[in-house]
Amino acid sequence: MSLVLYDTLQRAKRPFEPREEGKASLYVCGPTVQSDAHIGHGRAAVVFDVLRRYLAASGYEVRFVQNVTDIDDKIIMRARREKTEPSIIATRYTRLWNRSMDALNVLAPDVQPLATGHLIEMQQLIAALIDQGKAYAADGDVFFRVRTFEGYGKLSGRKVEDMQQGEDVVGSDHKEDPLDFAMWKAAKPGEPSWPSPWGEGRPGWHIECSAMAAKHLGHGFDIHGGGLDLVFPHHENEIAQHEAAHDDTFARYWVHNGMVRMGEEKMSKSIGNVVSLEEAVDGWGVGPLRLWYLSAQHRTPLTFDSERLRDATTVHHRFTTFLRSARRATHGVDPDTASVGPHLEAFRAAMDDDLNAPAAVAALHEMVTAGNELLPSAEAGKPEASAAVAASADALVHLGDEVLGLAIEASLEDAAGLESQLSTLVESLLQQRQEARAAKDFATSDAIRDQLAAAGVVVEDRPDGPRWYAAASTLADA
RNA sequence: GGCGGGGUGGCCAAGUGGUAAGGCAGAGGACUGCAAAUCCUCCAUCACGGGUUCGAUUCCCGUCCCCGCCUCCA
Numbered sequence: 007m008s009l010v011l012y013d014t015l016q017r018a019k020r021p022f023e024p025r026e027e028g029k030a031s032l033y034v035c036g037p038t039v040q041s042d043a044h045i046g047h048g049r050a051a052v053v054f055d056v057l058r059r060y061l062a063a064s065g066y067e068v069r070f071v072q073n074v075t076d077i078d079d080k081i082i083m084r085a086r087r088e089k090t091e092p093s094i095i096a097t098r099y100t101r102l103w104n105r106s107m108d109a110l111n112v113l114a115p116d117v118q119p120l121a122t123g124h125l126i127e128m129q130q131l132i133a134a135l136i137d138q139g140k141a142y143a144a145d146g147d148v149f150f151r152v153r154t155f156e157g158y159g160k161l162s163g164r165k166v167e168d169m170q171q172g173e174d175v176v177g178s179d180h181k182e183d184p185l186d187f188a189m190w191k192a193a194k195p196g197e198p199s200w201p202s203p204w205g206e207g208r209p210g211w212h213i214e215c216s217a218m219a220a221k222h223l224g225h226g227f228d229i230h231g232g233g234l235d236l237v238f239p240h241h242e243n244e245i246a247q248h249e250a251a252h253d254d255t256f257a258r259y260w261v262h263n264g265m266v267r268m269g270e271e272k273m274s275k276s277i278g279n280v281v282s283l284e285e286a287v288d289g290w291g292v293g294p295l296r297l298w299y300l301s302a303q304h305r306t307p308l309t310f311d312s313e314r315l316r317d318a319t320t321v322h323h324r325f326t327t328f329l330r331s332a333r334r335a336t337h338g339v340d341p342d343t344a345s346v347g348p349h350l351e352a353f354r355a356a357m358d359d360d361l362n363a364p365a366a367v368a369a370l371h372e373m374v375t376a377g378n379e380l381l382p383s384a385e386a387g388k389p390e391a392s393a394a395v396a397a398s399a400d401a402l403v404h405l406g407d408e409v410l411g412l413a414i415e416a417s418l419e420d421a422a423g424l425e426s427q428l429s430t431l432v433e434s435l436l437q438q439r440q441e442a443r444a445a446k447d448f449a450t451s452d453a454i455r456d457q458l459a460a461a462g463v464v465v466e467d468r469p470d471g472p473r474w475y476a477a478a479s480t481l482a483d484a
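Each step along the first sequence adds one to the number in the numbering used here, with nothing skipped, and position 61 is 67.
Below, the structure written as structure tokens:
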């Protein structure tokens, strides 16, 4: 069994067969750095981060490229509003983006190309298209001649004949055909511009991805990703530009993630119904947030709902709690890997099936339930149970953290730092509490437990004595 | 209008031509001084109407409803 991906281009699930044995190349459309990221961006980031991690875990050598669109109308507009330079805006939000990705536990791309760093590549591609008669310059703009590209519409499933209304007002007077789109835009006064054979100007949006993907991953790279809302026109145009110029395949698989919705409508900057990513990470924590993202298959819409985020928090807590207990109970125990085989298999089968994350998480749940069942025996020192529990803990970290990026172990480690600081104090309070309990002075013992709880320390009475740990909420405040 | 994706228990969400994973919530039970954590049990006939079939939630047709794209958008 191996990975099958739903390919938007062919409208079907297809076995993943990379261009080059053992290697996987991915290009995912990155942000236009004009404002801070919202949780819709976060979803896309997590979806492709998980794809990337899963490919790596499956043995592929992964090369992951994600661009940054650092020149664009909206950046210019924003700069104007703030009376500053577009590049200042772009730099600010690029940093913010990277910080958010980091906080989201999204692995950094191997290459993060900037549009403004690839003017030459873009101009070469445009020039090639003009040479072939597939593009034309008009008054400093350059347009792609859509009707010259036979495959136009193949990704989004549209027919050129059905697309008459696609005219955008700006620049349409120079177009031969309303369907044509701009690859190069003539400079307007006060806008950033670069020299080109067609005059001072700046690149259109679609051209950067065609040029940068081909440059950093080569022709016919494996997977092109992005949000479903980019299928048309952005990705359609990327394909047109590359394939018209080179007459070969641009990307082998097209993977798109579904939108995050706010109530019954899409979350989007233009609608203004956004929840910022930074806020979400701060408020819910990475693990729960990613668990929420992964609670729906990546192509279906996902509705923002704080109740569902709370569910995800509960789930994350369950995983964390199990890992904590399992680790305590199985220090130095040799894991019995075979015992978790069926769970690993279920997880893999789910992920192989077009990254079925909800089913994969379900496999984790089943593994944790089985582990919890064995926990008492493991705590009693039974070798078989211990080995199985140790294996479950390892698998949870491998699948949950390394593949899904749930930061289960990390939350334990964060807690450990705080716990070591609090240790002396808590231990002494617990000793008092034990004395009170021994004397059946439960009022005192409960008061101590409540105090500790108020300070973020959770106490559990076990047959072998009390245990305590720092609660996740304490960490968020710390 | 065109193209695409959906409607599964209180909520979220997988899935399959042969009577429906997992989670959250809820109920009951075990454990506990009480909790916490954990475990066990219970909790759906899959929008509606036809059709195909021995048998459909799963295939086909129709109806209703929702969403996305068709303009910037992850």
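Ideal Cβ placement from N, Cα and C applies to all residues, glycine included.
- Taken in chain order, the complete beta strand (DSSP E) segments of 3 residues or longer contained in the segment 117-178 are 141-144 and 147-150.
- Straight-line measurement puts the Cα of His-304 at about 34 angstroms from the Cα of Thr-154.
- Going by C-alpha positions, Val-280 is about 32 angstroms away from Ala-18.
- Going by beta carbons, Ala-246 and Tyr-158 fall inside the 8 angstroms limit.
- Counting only residues of its own chain and dropping the five nearest sequence neighbours on each side, Pro-92 has a CB closer than 6 angstroms to the CB of Ile-81, Ile-82, Ala-85 and Pro-198.
- When DSSP states are grouped into helix, strand and coil, Pro-24 belongs to the coil group.
- Per DSSP, the beta-bridge partners of Arg-468 are Gly-471.
- Judged by DSSP in its simplified three-state form, Ala-444 adopts helix.
- Contact check for Pro-37 against Trp-103 passes: the beta carbons are separated by less than 8 angstroms.
- Val-112 places its beta carbon less than 8 angstroms from that of Ala-51.
- DSSP places Lys-191 in the uninterrupted beta strand (DSSP E) bounded by 187-192.
- A residue is called buried when at least 16 other Cβ atoms come within 10 angstroms of its Cβ; Ala-453 does not meet this threshold and is exposed.
- Take the alpha-carbon of Gln-138 and the one of Leu-283: they are about 44 angstroms apart.
- DSSP places Thr-309 inside the beta strand (DSSP E), whose first and last residues are 308-310.
- Contact annotation, Lys-191 with Arg-208: C-beta distance approximately 6 angstroms; criterion of less than 8 angstroms satisfied.
- Annotation for Trp-204: no beta strand (DSSP E) segment contains it, and DSSP assigns it neither H nor E.
- Look at Val-281 here: in three-state DSSP terms it is coil, with no helix or strand label.
- For Tyr-299, the CB contacts under 6 angstroms within the same chain, skipping 5 residues up- and downstream, are Arg-49 and Val-52 in chain order.
- The residues Gly-28, Lys-29 and Ala-30, in chain order, have a CB closer than 8 angstroms to that of Glu-67 in the same chain once the five nearest residues on each side in sequence are set aside.
- In the DSSP secondary-structure assignment, Tyr-12 is bridged to Lys-19.
- In the DSSP annotation of this structure, the continuous segment of the beta strand (DSSP E) that includes Gly-233 starts and ends at 227-233.
- Distance from Ile-45 to Phe-310 at the Cβ level is roughly 7 angstroms; contact confirmed, criterion being Cβ atoms closer than 8 angstroms.
- Out of Leu-295, His-47 and Asn-73, the CA that lies nearest to the CA of Gly-264 is found in His-47.
- By the criterion of at least three beta-carbon pairs nearer than 8 angstroms, the segment 389-409 is in contact with the segment 339-359.
- DSSP, read as helix, strand or coil, puts Glu-242 in helix.
- When DSSP states are grouped into helix, strand and coil, Glu-271 belongs to the strand group.
- In the structure shown, Ala-476 falls within a strand segment according to DSSP collapsed to helix, strand and coil.
- In the DSSP assignment, Arg-354 falls within the unbroken alpha helix (DSSP H) covering 347-358.
- Separation of Trp-211 and Thr-75 (C-alpha to C-alpha, rounded to the nearest whole angstrom) is 8 angstroms.
- Here the segment 325-340 makes contact with the segment 410-420; the two share three or more CB pairs at distances below 8 angstroms.
- Residue range 389-401 is occupied by the alpha helix (DSSP H) that includes Val-395.
- In the structure shown, the three-state DSSP call for Val-39 is coil.
- Remark: C-beta atoms of Leu-297 and Leu-418 do not approach each other more closely than 8 angstroms.
- Note on Ile-136: 16 or more other CB atoms within 10 angstroms of its CB, so buried under the neighbour-count rule.
- Residue pairing by DSSP places His-262 opposite Gly-232 in a beta bridge.
- In the displayed model, Lys-29 falls within a strand according to three-state DSSP.
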